[in-house]
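Just so you know, the protein sequences line up as chains A and B, in that order.
Position 336 of the first sequence, counting from 1, maps to 336 under the numbering used here, and the rest follow consecutively.
Position 274 of the second sequence, counting from 1, maps to 274 under the numbering used here, and the rest follow consecutively.
Using N, Cα and C, we set each Cβ at its ideal position, and we do this for glycine too.
The model shown is predicted, which means the values in this text are computed figures rather than measured ones.
Structure, as structure tokens:
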Amino acid sequence: MNKITIILRLVSELLLSLGMMGIFRKCHCKGYWAFIPFARKFHLGLVSEKEAEGRVLTVIEVCRICLDISLFAVPKESRLYMPVLVAYIVVLMVDLIYLVRVYFGLCEVFQREKRWVTCFILLEPVTALVWGFSQRFQPVRVLTPEGGHAPAPVSRRTAETLERGLTVNLIHRRAIRYFRIRTILADIHFSIPPGRMVLLLGGSGAGKTIFMNAVTGYEKANAKITLNKSDIYRNYKSLKYDIGFVPQQDLMRDNDTTYLTLLDAASLRLPSTVTQEEKRKRVDEVLRILGLSAAKNTIVKKLSGGQKRRLSIAMEFISDPTLFVLDEPDSGLDGTVARSLFERLRAIADNDKIVMCITHTPDRVADLFDDVIVLCKDSARVGRVAYFGTLDGAREFFDARTMEGIVRRINPKEVGGEGRADEFISKYAEKGGLTA
Amino acid sequence: MTPAKIPHTGRRAQVLIYLGKFFRMFIFQNDWKVLPMAAVIAATVCFVVGPNLFVTMEGTVMGSFALSCVCIWNGLFNSIQVVCRERAIIKREHRSGLHMSSYVLAHMIYQAFLCLMQTSVTLAVCRFTNVRFPAEGFITPWILLDLGITLFLATYSADMLALMISSFVRSSTTAMTIVPFVLIFQLIFSGSFFTLSGPAERIKDFTISGWGQKCMCVQGEYNSLPMVTVWNTLVKMQNMTVEVEGQGEVKPLFDFVIYAYDNGLIDVIEAETGRQSPNPDYEKTKENVYSCWLHLAGFIVVFSGMAVLFLEFIDRDKR
Numbered sequence: 001m002n003k004i005t006i007i008l009r010l011v012s013e014l015l016l017s018l019g020m021m022g023i024f025r026k027c028h029c030k031g032y033w034a035f036i037p038f039a040r041k042f043h044l045g046l047v048s049e050k051e052a053e054g055r056v057l058t059v060i061e062v063c064r065i066c067l068d069i070s071l072f073a074v075p076k077e078s079r080l081y082m083p084v085l086v087a088y089i090v091v092l093m094v095d096l097i098y099l100v101r102v103y104f105g106l107c108e109v110f111q112r113e114k115r116w117v118t119c120f121i122l123l124e125p126v127t128a129l130v131w132g133f134s135q136r137f138q139p140v141r142v143l144t145p146e147g148g149h150a151p152a153p154v155s156r157r158t159a160e161t162l163e164r165g166l167t168v169n170l171i172h173r174r175a176i177r178y179f180r181i182r183t184i185l186a187d188i189h190f191s192i193p194p195g196r197m198v199l200l201l202g203g204s205g206a207g208k209t210i211f212m213n214a215v216t217g218y219e220k221a222n223a224k225i226t227l228n229k230s231d232i233y234r235n236y237k238s239l240k241y242d243i244g245f246v247p248q249q250d251l252m253r254d255n256d257t258t259y260l261t262l263l264d265a266a267s268l269r270l271p272s273t274v275t276q277e278e279k280r281k282r283v284d285e286v287l288r289i290l291g292l293s294a295a296k297n298t299i300v301k302k303l304s305g306g307q308k309r310r311l312s313i314a315m316e317f318i319s320d321p322t323l324f325v326l327d328e329p330d331s332g333l334d335g336t337v338a339r340s341l342f343e344r345l346r347a348i349a350d351n352d353k354i355v356m357c358i359t360h361t362p363d364r365v366a367d368l369f370d371d372v373i374v375l376c377k378d379s380a381r382v383g384r385v386a387y388f389g390t391l392d393g394a395r396e397f398f399d400a401r402t403m404e405g406i407v408r409r410i411n412p413k414e415v416g417g418e419g420r421a422d423e424f425i426s427k428y429a430e431k432g433g434l435t436a
Numbered sequence: 001m002t003p004a005k006i007p008h009t010g011r012r013a014q015v016l017i018y019l020g021k022f023f024r025m026f027i028f029q030n031d032w033k034v035l036p037m038a039a040v041i042a043a044t045v046c047f048v049v050g051p052n053l054f055v056t057m058e059g060t061v062m063g064s065f066a067l068s069c070v071c072i073w074n075g076l077f078n079s080i081q082v083v084c085r086e087r088a089i090i091k092r093e094h095r096s097g098l099h100m101s102s103y104v105l106a107h108m109i110y111q112a113f114l115c116l117m118q119t120s121v122t123l124a125v126c127r128f129t130n131v132r133f134p135a136e137g138f139i140t141p142w143i144l145l146d147l148g149i150t151l152f153l154a155t156y157s158a159d160m161l162a163l164m165i166s167s168f169v170r171s172s173t174t175a176m177t178i179v180p181f182v183l184i185f186q187l188i189f190s191g192s193f194f195t196l197s198g199p200a201e202r203i204k205d206f207t208i209s210g211w212g213q214k215c216m217c218v219q220g221e222y223n224s225l226p227m228v229t230v231w232n233t234l235v236k237m238q239n240m241t242v243e244v245e246g247q248g249e250v251k252p253l254f255d256f257v258i259y260a261y262d263n264g265l266i267d268v269i270e271a272e273t274g275r276q277s278p279n280p281d282y283e284k285t286k287e288n289v290y291s292c293w294l295h296l297a298g299f300i301v302v303f304s305g306m307a308v309l310f311l312e313f314i315d316r317d318k319r
């Protein structure tokens with residue numbers, strides 16, 4: 001590479017960075033990201049509303065620079081030169097495809113015609129300068145910056161640790177992804193004594209599953225969560241057998257029988273001191289409790305949707321957990337089957353257990369629950385508790401007759417809700433939180 | 001407060017639980033189908049390369065490479081989807097106390113059984129299609145056992161390679177996309193059909209096909225076999241004429257070929273050609289065989305270890 005080429009590349013890079021800085025600022029993104037090579041591509045994806053593509057572009061950029069250096073370092077006569085060159089060409093092709101996708105997104109954000117993508121590809125620095133500094137180019141949507149909105153006020157109280165039962169004092173749950181620290185959940189405090197069945201209510205994307213993972217200790221948060229006074233995070237290895245988590249999908253092997261699936265689950269989850277005979281007895285008992293005795297020898301793939309769901313629940317219930325957490329156990333089930341399933345869960349809760357459920361159709365089974373946790377995203381996009389307490393109390397608190405009415409109150413306007421999450425979070429925080 | 005420690009199912013017991021599951025799958029699912037498939041593949045290969053395998057140098061190189069490819073094919077397709085197709089299930093079970101090392105070990109034992117059966121099927125097919133094996137064994141008294149160990153190790157290491165890929169990728173589609181690349185790599189860098197030199201030659205050491213083929217060539221006594229290429233070429237060139245001063249156009253090779261035919265010297269010529277062109281890599285020594293076996297065993301250890309390592313990170317899978 002001669003000097004002129006190097007100078008031209010540097011100038012082009014500088015112009016591109018300046019142009020991108022202008023675009024980023026217009027989209028309410030920090031301008032300095034434009035000068036950091038890998039971060040620039042990611043933030044370009046962000047402002048173009050193509051975050052996934054931005055992530056890929058970042059990785060490609062790293063590969064491209066590594067291969068660029070390799071091409072410079074490896075002599076042309078070397079046998080290595082050819083594979084490096086081929087890899088470089090492949091990376092360039094992928095880079096081009098993803099760049100086109102991102103620029104299509106940028107055109108949509110700026111409400112400009114798609115032909116501008118060609119200009120970006122052929123004359124990237126110049127086009128970026130025009131878009132970045134001309135007043136004629138303005139985005140119709142801008143990035144919501146982290147911390148750009150004042151978060152709803154936090155409650156000052158912490159939940160008192162129960163001698164028996166679940167106590168959650170979650171300060172925050174954060175995740176670091178591609179140059180960003182995001183707070184996903186914050187300020188969640190409550191305690192649930194045994195024998196309660198709790199509904200976890202919230203719109204899509206409110207962070208319900210993440211919350212459940214944090215409560216069960218599967219994903220750690222900055223929190224103190226105790227079950228019967230034992231710290232779940234500290235004693236996760238031993239306590240995980242006392243917590244049953246039923247995932248949203250029916251995750252089991254299709255070609256085993258119901259009985260053998262449960263027997264294997266029992267072998268995995270029950271203490272090794274339990275004899276084989278006792279395990280068999282427990283399997284029979286769980287089959288009876290969940291109404292699966294008739295399907296004992298049926299192959300899993302031949303079970304109905306409701307039976308599969310009950311088997312999935314049975315696999316966790318086999319170890320007789322103190323805390324039983326279920327992620328949408330009624331998804332895909334009709335009203336009657338769902339009702340019957342929740343009645344069985346109610347029976348489990350009545351047996352001195354804590355049952356926590358996510359469901360998107362809560363009203364058909366609302367009478368079976370004791371308490372409700374209403375989770376929603378505040379304007380800073382952080383998952384917060386808007387209410388915890390009895391269902392009647394929730395109806396009064398949100399001035400809604402149904403659980404779905406509550407969800408409508410807190411859901412953002414763009415998904416058909418009233419967008420009043422902040423209002424209820426503040427109202428709940430002012431009351432200092434509640435305990436059941 | 002720290003809860004009292006209650007012992008739960010240990011690693012060994014978990015291996016047994018999963019072995020039970022896998023063997024049930026073998027009977028009730030379609031896993032048993034790999035055995036007739038192995039027979040069909042072996043029969044096809046034996047039909048093409050069988051007559052010259054362990055008979056001539058060229059046939060042995062070609063045939064042992066083809067058998068290595070059979071092993072790789074069998075091994076890859078045994079395992080390529082076994083983990084990725086049930087990744088979500090494993091993730092759930094991991095959450096409930098499954099040890100990944102137990103899960104992988106159970107797979108290793110089950111796959112070893114499958115590979116052993118496939119090796120037996122392949123050898124049986126070779127026997128039935130009249131492949132002429134060397135008279136006696138080299139490491140053990142039985143040549144079938146010697147070759148069986150090689151075929152098993154090649155199949156099993158390919159199986160573990162597939163298990164590693166299956167543990168790393170997140171969908172069956174991705175796994176099946178990777179397979180052709182693995183096969184092409186094994187084909188090109190085995191060193192059988194393309195002469196490798198420089199850094200590419202070193203890559204040969206990382207191929208299952210390379211070590212499998214080398215081992216079979218050693219066990220098939222490659223260096224003591226006749227070479228037919230030279231004689232066949234001579235026959236093709238017998239009518240070649242050259243200008244000799246005072247004699248005009250003559251056919252020097254024609255007379256030699258006729259003489260060899262008439263005096264039954266073809267076998268002698270082929271044997272001598274083979275003796276003059278030994279390949280030091282295929283020298284019949286126990287060290288050579290052990291080295292091949294050790295390398296293949298090394299692949300098994302590395303690939304299975306990597307599979308455990310990849311699966312340990314399964315909790316990081318996002319929705």
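request  = State the start and end residues of the unbroken alpha helix (DSSP H) segment that holds A:Gly31.
outcome  = Translated into the one-based positions of the first sequence, residue 31 of chain A becomes position 31. That residue, A:Gly31, is in no alpha helix (DSSP H); it is neither H nor E in DSSP.
ask   = Between the C-alpha atoms of B:Phe128 and A:Thr257, what's the straight-line distance to the nearest angstrom?
value = Indexing the second sequence from 1 puts residue 128 of chain B at position 128. Indexing the first sequence from 1 puts residue 257 of chain A at position 257. Each residue's CA atom was taken as its position, placing B:Phe128 and A:Thr257 some 40 angstroms apart.
inquiry  = Cβ closer than 8 angstroms: which chain A residues qualify as neighbours of B:Pro199?
reply    = For the purposes of this step, residue 199 of chain B is taken as residue 199 along the second sequence, with counting starting at 1. Neighbours of B:Pro199 on chain A, chain order: Arg79, Leu80.
query = So which residues on chain B does A:Asn255 lean against when the C-beta distance must stay under 7 angstroms?
reply = For the purposes of this step, residue 255 of chain A is identified with residue 255 of the first sequence, where counting begins at 1. Going along chain B in sequence order, the residues near A:Asn255 (Cβ under 7 angstroms) are Met25, Phe28, Gln29.
message = Would the region 246 to 255 of chain B count as touching the region 178 to 195 of chain B if we require 3 or more Cβ pairs under 8 angstroms?
response = no
ask   = So, helix, strand or coil for B:His94, using DSSP?
value = As a first step, residue 94 of chain B is located in the second sequence; it is residue number 94 there, counting from the start. Looking at B:His94 - three-state DSSP - the assignment turns out to be helix.
4-residue-minimum alpha helix (DSSP H) runs that sit fully inside the region 270 to 332 of chain A, ordered along the chain = 276 to 289, 305 to 317
ask   = In the region 234 to 263 of chain A, which residues sit with their C-beta less than 8 angstroms from some C-beta in chain B, listed in chain order?
value = Along the region 234 to 263 of chain A, going in chain order, the ones with a CB nearer than 8 angstroms to a CB of chain B are Arg234, Asn235, Ser238, Leu239, Lys240, Tyr241, Asp242, Phe245, Pro247, Gln249, Leu251, Met252, Arg253, Asn255, Asp256, Leu260.
request  = Have a look at A:Asp242 and B:Gln213 and give me their C-alpha separation to the nearest angstrom.
outcome  = The residue labelled residue 242 of chain A in the question sits at position 242 within the first sequence. The residue labelled residue 213 of chain B in the question sits at position 213 within the second sequence. Roughly 53 angstroms separates the two Cα atoms.
query = Whose Cβ in chain A lies nearer than 9 angstroms to the Cβ of B:Gln14?
reply = Working through the second sequence from its first residue, we reach residue 14 of chain B at position 14. Listed by position along chain A, the residues whose Cβ is nearer than 9 angstroms to that of B:Gln14 are Ser267, Leu268.
inquiry  = Taking the alpha carbon of A:Cys107 as the reference point, which residue from A:Ala128, A:Leu92, A:Phe397 has its own alpha carbon closest?
reply    = Here residue 107 of chain A is taken as the residue at index 107 of the first sequence, counted from 1. Of the listed residues, the one whose Cα sits closest to A:Cys107 is A:Ala128.
inquiry  = Run through chain A and tell me which residues come within less than 7 angstroms of B:Thr9, C-beta to C-beta.
reply    = By 1-based counting over the second sequence, the position of residue 9 of chain B is 9. Ordered by position in chain A, the residues that pass the 7 angstroms Cβ test against B:Thr9 are Ser267, Leu268, Ser272.
Distance CB(B:Met165)-CB(B:Ile72) smaller than 8 angstroms = For the purposes of this step, residue 165 of chain B is taken as residue 165 along the second sequence, with counting starting at 1. For the purposes of this step, residue 72 of chain B is taken as residue 72 along the second sequence, with counting starting at 1. A quick correction: the sequence has Ile, not Met, at residue 165 of chain B. Taking 8 angstroms as the Cβ cut-off, B:Ile165 and B:Ile72 do not qualify as a contacting pair.
query = Do you know offhand how far A:Lys413's Cα is from A:Val407's?
reply = In the first sequence, counting from the first residue as 1, residue 413 of chain A sits at position 413. In the first sequence, counting from the first residue as 1, residue 407 of chain A sits at position 407. About 12 angstroms.
task = Rounded to whole angstroms, what's the CA-CA distance from B:Ser79 to B:Trp211? Just pull it up for me.
result = Position 79 of the second sequence, counted from the start, is the residue given in the question as residue 79 of chain B. Position 211 of the second sequence, counted from the start, is the residue given in the question as residue 211 of chain B. Each residue's alpha carbon lies about 21 angstroms from the other.
ask   = Any Cβ of chain B within less than 8 angstroms of the Cβ of A:Tyr103?
value = Numbered from 1 along the first sequence, position 103 holds the residue referred to as residue 103 of chain A. No, A:Tyr103 lies away from the interface with chain B (no Cβ there is under 8 angstroms from its Cβ).
key: Contact with chain B by A:Tyr218, beta-carbon distance below 8 angstroms   = The sequence position of residue 218 of chain A within the first sequence is 218, counting from 1. Chain B, which has a Cβ nearer than 8 angstroms to the Cβ of A:Tyr218, makes this yes.
ask   = Should A:Leu434 be flagged as near chain B, meaning a C-beta pair shorter than 8 angstroms?
value = Start at 1 with the first residue of the first sequence, and residue 434 of chain A comes out as number 434. Any reading at A:Leu434 is ruled out, since the residue's pLDDT is 48, under 50, leaving its predicted position unreliable.
inquiry  = Using the Cβ count rule (16 or more neighbours within 10 Å means buried), how would you classify A:Lys50?
reply    = If you number the first sequence from 1, residue 50 of chain A lands on position 50. Flag for A:Lys50 reads buried.
Chain A within 8 angstroms of B:Ala88, Cβ atoms only = Here residue 88 of chain B refers to the residue found at position 88 when the second sequence is read from its first residue. Closer than 8 angstroms: yes.
query = By the criterion of Cβ-Cβ separation under 7 angstroms, what are the contact partners of B:Ser96 in chain A?
reply = Taking the second sequence and counting its residues from 1, one reaches residue 96 of chain B at position 96. Neighbours of B:Ser96 on chain A, chain order: Leu268, Arg269.
ask   = Do B:Trp32 and B:Leu153 come within 8 angstroms of each other at the CB atom, strictly closer than that value?
value = As a working mapping, residue 153 of chain B is identified with position 153 in the second sequence. As a working mapping, residue 32 of chain B is identified with position 32 in the second sequence. B:Trp32 sits away from B:Leu153, with the two beta carbons spaced by 8 angstroms or more.
query = Per DSSP, what kind of secondary structure is A:Lys76 in: helix, strand or coil?
reply = Your numbering for residue 76 of chain A matches position 76 in the first sequence. Judged by DSSP in its simplified three-state form, A:Lys76 adopts coil rather than helix or strand.
key: DSSP state of B:His107 mapped onto helix, strand, coil   = Here residue 107 of chain B refers to the residue found at position 107 of the second sequence. It is helical.
query = DSSP three-state call for A:Asp242: helix, strand or coil?
reply = For the purposes of this step, residue 242 of chain A is taken as the residue at position 242 of the first sequence. Looking at A:Asp242 - three-state DSSP - the assignment turns out to be helix.
task = Could you tell me how far apart the beta carbons of A:Thr209 and A:Thr167 are, in whole angstroms, since I believe they sit closer than 8 angstroms?
result = By one-based count along the first sequence, residue 209 of chain A stands at place 209. By one-based count along the first sequence, residue 167 of chain A stands at place 167. Not a contact, Cβ separation roughly 21 angstroms.
query = If you compare alpha carbons, which of B:Met216, B:Thr140, B:Leu35, B:Tyr110 is closest to B:Glu283?
reply = In the second sequence, the residue the question calls residue 283 of chain B occupies position 283. For B:Glu283, the nearest C-alpha among the options comes from B:Met216.
query = Between A:Leu262 and A:Val337, what straight-line distance do the alpha-carbon atoms span, to the nearest angstrom?
reply = Position 262 of the first sequence, counted from the first residue, corresponds to residue 262 of chain A. Position 337 of the first sequence, counted from the first residue, corresponds to residue 337 of chain A. Their Cα atoms are separated by approximately 21 angstroms.
request  = Tell whether a beta-carbon distance below 8 angstroms holds between B:Asp205 and B:Gly75.
outcome  = Taking the second sequence and counting its residues from 1, the one referred to as residue 205 of chain B is at position 205. Taking the second sequence and counting its residues from 1, the one referred to as residue 75 of chain B is at position 75. Cβ atoms of B:Asp205 and B:Gly75: not closer than 8 angstroms.
request  = Output the distance between the C-alpha atoms of B:Val301 and B:Asn279, rounded to the nearest integer angstrom.
outcome  = The count along the second sequence starts at 1 and reaches residue 301 of chain B at position 301. The count along the second sequence starts at 1 and reaches residue 279 of chain B at position 279. Roughly 30 angstroms separates the two Cα atoms.
request  = Say whether chain A places a C-beta atom closer than 8 angstroms to the C-beta of B:Ile184.
outcome  = As a position in the second sequence, residue 184 of chain B is number 184, starting the count at 1. Chain A contact via Cβ: absent.
message = Given this structure, state the Cα-to-Cα distance separating A:Asp327 from A:Ala314, to the nearest angstrom.
response = Mapped onto the first sequence, residue 327 of chain A falls at position 327. Mapped onto the first sequence, residue 314 of chain A falls at position 314. So the alpha carbons of these two residues sit roughly 14 angstroms apart.
ask   = Which residues of chain A have a Cβ atom closer than 9 angstroms to the Cβ of B:Ile178, listed in chain order?
value = For the purposes of this step, residue 178 of chain B is taken as residue 178 along the second sequence, with counting starting at 1. Chain-order list of chain A residues neighbouring B:Ile178: empty, with the shortest C-beta distance near 15 angstroms, by a criterion of under 9 angstroms.
message = Quick check: the Cα distance between A:Thr273 and A:Ser319, rounded to an integer number of angstroms?
response = Working through the first sequence from its first residue, we reach residue 273 of chain A at position 273. Working through the first sequence from its first residue, we reach residue 319 of chain A at position 319. Roughly 13 angstroms separates the two Cα atoms.
query = Closest to A:Val246 by CA distance: which of A:Ile232, A:Met212, A:Val283 is it?
reply = On the first sequence, position 246 is the one that residue 246 of chain A refers to. Residue A:Met212 is the option with its Cα nearest to A:Val246.
message = For A:Gln249 and B:Thr155, what's the separation of their Cα atoms in angstroms?
response = Here residue 249 of chain A refers to the residue found at position 249 of the first sequence. Here residue 155 of chain B refers to the residue found at position 155 of the second sequence. Between A:Gln249 and B:Thr155, the C-alpha separation is close to 35 angstroms.
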